[in-house]
Structures are given as structure tokens and as C-alpha cells.
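Before any comments, here is the structure.
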Amino acid sequence: MKLKRRWVIRHSAREAPAELVEKLSLSPLTAGLLAQRGIKTLAEARLFLHGTAEDLSSPFLLSTMDRAVERLAAALKKKEKILIYGDYDVDGLTATALILRTLRPWNKGNIIYYIPKRLGEGYGLHQENLAKAVRYGCRLVVTVDCGVTALEEAEFLRSKGVDLLVTDHHEPGAVLPEATAVVNPKTTPGYPGGELAGVGVAFKLLQGLAEIIPEVREALWENLDLVAVGTVADIVPLTGENRLLVKEGLKVLEKTGNPGLAALLDLNGWAGREMTPGLISFGLAPRLNACGRLDDPAKGLRLLLETDRNRARKIAAELEKLNRERQQIEERVLKEAEEILSREEPGQAIVLGSENWHPGVIGIVASRLVEKYYRPVVLVALEKGKGKGSARSIPGFHLYRALNACAPLLERFGGHEMAAGLEVAGDKLAAFKETFEEVAASWLDREAAGEAGIPVLEIDEVTALEDLTVELAREVAALAPFGPGNPEPVLACRGAKLLSACTVGKDGRHLSVEIGNGVVSRRGIGFNFGSWQEQLPVGEEFDLAFKLEEDNWNRDPQVCLVLKDIVPSNRGEEAEN
């Protein structure tokens, strides 16, 4: 079935700074793509295209970083007992692993960790676990990817004479915890590094520590693959420092010295391949997340901390099994949600709940429903009168603020603009659903966000078929790594004649096409487009939207058009931007 989309054309080439075209020998299209990403000067372009980890901003630009670094350094020198308190998602696991692996030479059994269970405990600090750390003799607690709203827990630690360093990237409340330091880009107005992930904030802490303990620096750089994995998995913008960290971290990942990551790559046949954000998002991250969704998240952390390759392979195999189980549960929950939606027309937002749903997979299912229905989605797993929910959004609808507008109906909530978690009493779910849908109806601009729930396909530029060259594909590839905030460019061609179309792959799932304009022809592939073939008569003219890639498979370099949409020429819904 062909999904209808509304094209919005941005005309990137019109914004091309002449200086970038002339001094960097870029095409107007590529220079325009940079300009759209806020890269308009020669210095900015050189940093974007050729920047390295050496170009990172000072960690001490983050508020209270000086106090955090001084306290951590003192604890290490005195061999005080330290608790690293993390989170169960990939961002939290990699942030915890980053600190533990980097500080391994200073760990004489005095640095311990704790990862709360998603299913039994939920997100954030829990006083009973902190009490255990106090009894163990910990004098310092360092949070990663959590803690910025933990007011009561911070007060508990203070009352016990235990210092607290909060490193987090989530939205803070009106009042910050009473702590030695609260390091969070969102509590530092004007921080130049951008929206760091939790693992990115942990990196900045260690970057600052390296200025007091220089030996930290080498170990930190060796573990930059963890920073890349956590940053990509948490879907933060790949701009600013995130882009630099991921770009450099992917290089480390290609030759990783981490036995756990190496085991996952080997087990799935990914070793030796080019490392990309896509491989992390759809390969590594789901497997690391699977243990937290269905089992004990500490298993994923143990994999990332493992030093023995044989033991790492065994743990990786366990994660593979859990991931397959997760996929089966996910499909069942998705099917049930689709059945509910087939009986009731969704409004501006979708809020569904069920006692049959596993709380560990509802976030993934919510993301899939957003893709299909192009609306904010909240799914709630109910058990014994209590509900745990996951929410996912669309551009232009800030989830955290929307949940804040529903705060009186919620037990707790937290998250970001595009993803959030919540807890709601079962008897308040209906009221929450009504209020959340009202918020969505009043906030969402359907003209901008996709009329009547029709997804928008943003197209950077309309190009002539003959302009789609290997050189252009290489220029576009230089803008990688792609992700939120730096999306892979989508181009379009108009009035191209369809010369051939045939299904390929298992069960004819994909579609291979050749298009031409009487002068040149180009080949393209539409993944999961196989069912479209009968709607695409050969010889007719079509408008195509696609991503441009270089294809080196068994022949000289050529360009390949990776299809995003294909519609009869001049008959697709579109808007000029």
C-alpha cells in the first residue's frame, strides 16, 4: 500500500553562500545544504566538514563543572567509595560504562554502579538504592543520564553526609537538587555545545577531569565509541558537539577495542563494515536495549564492561535471544494497537492503554505508530490499576511541555521534545487522554505538521537528472553523520520517464527502477517499495524523491537513487517553502 505524503520543497541551492561555492569548490546545492544547517561562513563550513574532537568546547563552560571535577578528582585520589548511578536505556548504559571504563585504573574496588530496572523500579534515583550505597560506605554519588529532578533523593544524601554530582541532560524543574554540582546543558544558558545526550555530559565531566588528572585523557579517547553509540541511540540532534563526538566515535567503533561491542558486531556480521548512525540505531541499540526492556539492564552494562572476549560473546548471544523475543512481543502489541485504531478514528493525538501490553516495548510501538499516523502517540501499559506510558512525537509538538500541561493527572513524567515517559493511575487514564488530545488539538499547526495527519516529506532541492553525479553524491556524503538536526538530504526529479521497474529481494519486497529523460538515465532502489510496482506503469512520467548515494557494487562508481516517494508527474501534493 502506497503511503500518501505532502511534499515541501525547500530549494536549498537558492541559499548557497557564494564564498562556500568558490573557496571550498562545492556545488551550489551542497553549499545551500550547509546554509540550511546554519553553516554559512568559511570557518563554520571547515569546522563542520573537517572538525575533530580537538575542536570541542571547554567542559568548564558548563555550569558547576569546576566543582564537579574537583570533587571527583579528590574522591579518586583519596580512594573514596563512589557510586555511579545510571539509567536502563542505551544512553544511560553507555554513560555508565564510559565512566567506569575510563576510570578503571583508579578503581581499586571502590567504584561501584547501579542501574535501576525498567520494569520493577522505573527511571531515576530511588532512595532505597541510595540507602544501600550509604550503608556500603559511599561518600560520593555521581549520576549519569538522570538526577536533575531528584530533589528528595538529593536531600536524603545530604542528610547522610554524602556528596552528589548530577550529570544529566533532561529537562530540569523549577528548582534544582541540592548537590555539589548539577552539570546539565539545559541549566547552562547559551552553552555552545548544543543538546548533549547523557553520555555526552558524562564525556564532558571526564574531559574536565583530564585537565586535573592528565592520564584520564587517553582512556577517554579510547572509549569514544561508547559516546557515539549512546548519542545516536538517544536521538539527540547530530549538530555541534554531538556531531563531532559521533563522527570521531564512529572511527573508534570501526576498530573497537571494546570486547562487548566487538562481540555484537561479529555476531551480526557487521565487523569490518563502515560504521554509521543507522547501524547503531537499527543494530546495536535495539540489542543493548532489549535486556532492559525484558530482563535486567545491568546485563547490557556487563557486556560493555567485559574484558574477556569469550565471555563477551556469551553475553552478546543472550542479548540476541532477548532481542528476538522483544521483536515478537512488539509485533503483538502493534497488532493490538492497530486493531483499536481500526475501530476508532484518531484525533490530533493518539492515546491508548491496555493491560495486555508489555511496558518494555510500548516506546518502540509508539514510534511505529507515529510513522504511520503522523500524530503524537502515548501508549500506556496497565497493571493492577497503575499505568506506565511511553510517548513519541512529531516535529513541532513538544512532548515534555504537553505532559507538563497534563501534570495534575500524572504520577510522574520526564523526557524531551520528541520522547517521554510517564506514570498515570488507571482511573485517571481517560481524563489524561482527553486532556492530552485537547492540548494536541490546540497546539498543532496541521498546515505545517501535515494536514489531516498526512506526513510531510521535506525535499531539499529539485534537480535535473544529469546533475546527479558521483561527485555530487560524494559531496553529500561529506555532510555525514546524518541524524536529527542534520538529516540526510532528500532530492527530487520531475518528469522522469520510468524505463523499467522490477521487484527484487526476498518475497519481492524491494523495487529496482531505471529512469531517464532522453539524455541520461539513472538507477534507483526503493526498499519495501515492492508492492508499489503495479501502480507504476513503465513508460509513464513520474516525480521522484530520493536520497543520493554512491554505488560501488561490482562495477565502476555510479550513483544510486534510494527512493523516498514516487508519484505521477505534477500530480503529487506539494508546497514551496
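Just so you know, the sequence shown maps onto residues 20 to 596 in my numbering.
Glycine residues also receive a C-beta, built at the ideal position from the N, C-alpha and C atoms.
Legend entry - Supposed contact pair T168 and G141 - C-beta distance, whole angstroms, cut 8 Å: About 13 Å; that fails the 8 Å criterion.
Legend entry - First through last residue of the alpha helix (DSSP H) which encompasses D110: For D110, the enclosing alpha helix (DSSP H) begins and ends at 109-121.
Inset, instruction - Assign K205 to one of three DSSP states: helix, strand, or coil. - result: If DSSP states are grouped into helix, strand and coil, K205 belongs with the helices.
Inset, instruction - Verify whether the separation of the beta carbon atoms of L144 and E172 is less than 7 Å. - result: A contact, by the Cβ cut-off of 7 Å.
Legend entry - DSSP state of P587 mapped onto helix, strand, coil: In this structure, DSSP gives P587 an extended state, which the three-state scheme calls strand.
Inset, instruction - Select from R394, L567, T199 the residue whose C-alpha is nearest the C-alpha of L498. - result: For L498, the closest alpha carbon among the candidates R394, L567, T199 is that of L567.
Inset, instruction - For the alpha helix (DSSP H) holding T199, just list the boundary residues, first then last. - result: Careful: T199 lies outside any alpha helix (DSSP H) and carries neither H nor E.
Legend entry - Cβ pair count under 8 Å reaching 3, the region 54-63 against the region 188-208: Touching, no.
Legend entry - Cα-Cα separation between H435 and L61, rounded to whole angstroms: H435 and L61 have their alpha carbons spaced roughly 33 Å apart.
Inset, instruction - Inspect the beta-carbon positions of V218 and A72 and report whether they are closer than 7 Å. - result: In terms of Cβ geometry, V218 and A72 do not form a close pair [threshold 7 Å].
Legend entry - Contiguous alpha helix (DSSP H) assignments of at least 4 residues, all confined to the region 445-501: Unbroken alpha helix (DSSP H) runs of no fewer than 4 residues, entirely contained in the region 445-501, are found at 448-462, 465-468, 489-496, following chain order.
Legend entry - G527 (DSSP reduced to helix, strand or coil): Residue state for G527 is assigned as helix, using DSSP reduced to three classes.
Inset, instruction - Can you check DSSP and say which residues form a bridge with N505? - result: In DSSP, N505 forms a bridge with G502.
Legend entry - R29 classed as buried or exposed, judged by whether at least 16 other C-beta atoms fall within 10 angstroms: Buried, because 16 or more other Cβ atoms sit within 10 Å of the Cβ of R29.
Inset, instruction - Can you give me the start and stop residues for the beta strand (DSSP E) that L303 sits inside? - result: Run containing L303: none; DSSP gives neither H nor E here.
Inset, instruction - In angstroms with no decimal places, state the Cα-to-Cα distance between W125 and I118. - result: Taking the straight line from one Cα to the other gives about 11 Å.
Legend entry - Run of the beta strand (DSSP E) containing D244, from where it starts to where it stops: Going by DSSP, D244 is part of no beta strand (DSSP E) but of the alpha helix (DSSP H) stretching over 243-252.
Inset, instruction - Look at the Cβ atom of T186, then the Cβ atom of A221, and state whether they are nearer than 7 Å. - result: Result yes, Cβ atoms of T186 and A221 sit closer than 7 Å.
Inset, instruction - Please report the residue range of the beta strand (DSSP E) in which T275 lies. - result: From DSSP, T275 is part of no beta strand (DSSP E); its letter is neither H nor E.
Legend entry - Buried or exposed by the 16-neighbour rule on C-beta atoms within 10 Å, applied to P500: The Cβ neighbour count for P500, taken over all protein chains shown within 10 Å, is at least 16; the residue is labelled buried.
Inset, instruction - State the DSSP-derived secondary structure class of V185, mapped to helix, strand or coil. - result: Under the three-state reduction of DSSP output, V185 falls in the strand class.
Legend entry - Element boundaries [beta strand (DSSP E), containing E337]: Not the beta strand (DSSP E): E337 falls in the alpha helix (DSSP H), residues 328-362.
Legend entry - Which listed residue (I544, R528, K525) has its alpha carbon closest to that of L534: The sequence given here places Ile at residue 534; Leu does not occur at that position. The shortest C-alpha separation from I534 is found at I544.
Inset, instruction - For K266, I'd like the list of residues in its chain whose CB is within less than 7 Å of its CB, leaving aside the five on either flank, ordered along the chain. - result: Same-chain partners within the cutoff: P500.
Legend entry - Start and end residues, alpha helix (DSSP H) containing T49: 47-55 is the span of the alpha helix (DSSP H), which, as asked, contains T49.
Inset, instruction - Out of L441, V557, I413, S386, point me to the one whose CA is closest to A400's CA. - result: Checked all of L441, V557, I413, S386; the closest Cα to A400 is L441.
Inset, instruction - Can you tell me which of the three DSSP states V153 falls into? - result: Looking at V153 - three-state DSSP - the assignment turns out to be helix.
Inset, instruction - Give the range of the beta strand (DSSP E) segment to which F565 is assigned. - result: Unbroken beta strand (DSSP E) run through F565: 560-570.
Legend entry - Rounded separation between W551 and F79 - CA only: Looking at the two C-alpha atoms, the distance is approximately 54 Å.
Inset, instruction - Express the C-alpha separation of W240 and K354 in angstroms, rounding to a whole number. - result: Answer to the nearest angstrom: the Cα atoms are 44 Å apart.
Inset, instruction - Identify every residue that forms a DSSP beta bridge with Y142. - result: Beta bridge pairing from DSSP links Y142 with no other residue.
Inset, instruction - Pull up the DSSP beta-bridge partners for T162, would you. - result: In the DSSP assignment, the residues bridged to T162 are Y104, V185.
Legend entry - Closest Cα partner of L225 within the set N203, K205, T121: Ranking N203, K205, T121 by Cα distance to L225 puts T121 first.
Inset, instruction - Helix, strand or coil for E174, going by three-state DSSP, please let me know. - result: The answer is helix: DSSP assigns E174 an H, G or I state.
Legend entry - Own chain, CB closer than 7 Å to A50, minus 5 neighbours either side, in chain order: A distance below 7 Å between beta-carbons, with the five flanking residues on each side excluded, links A50 to the following residues of its chain, in chain order: A35, P36, L39, V40.
Legend entry - As assigned by DSSP and simplified to three states, the class of I131: Reduced to three states, the DSSP call for I131 is strand.
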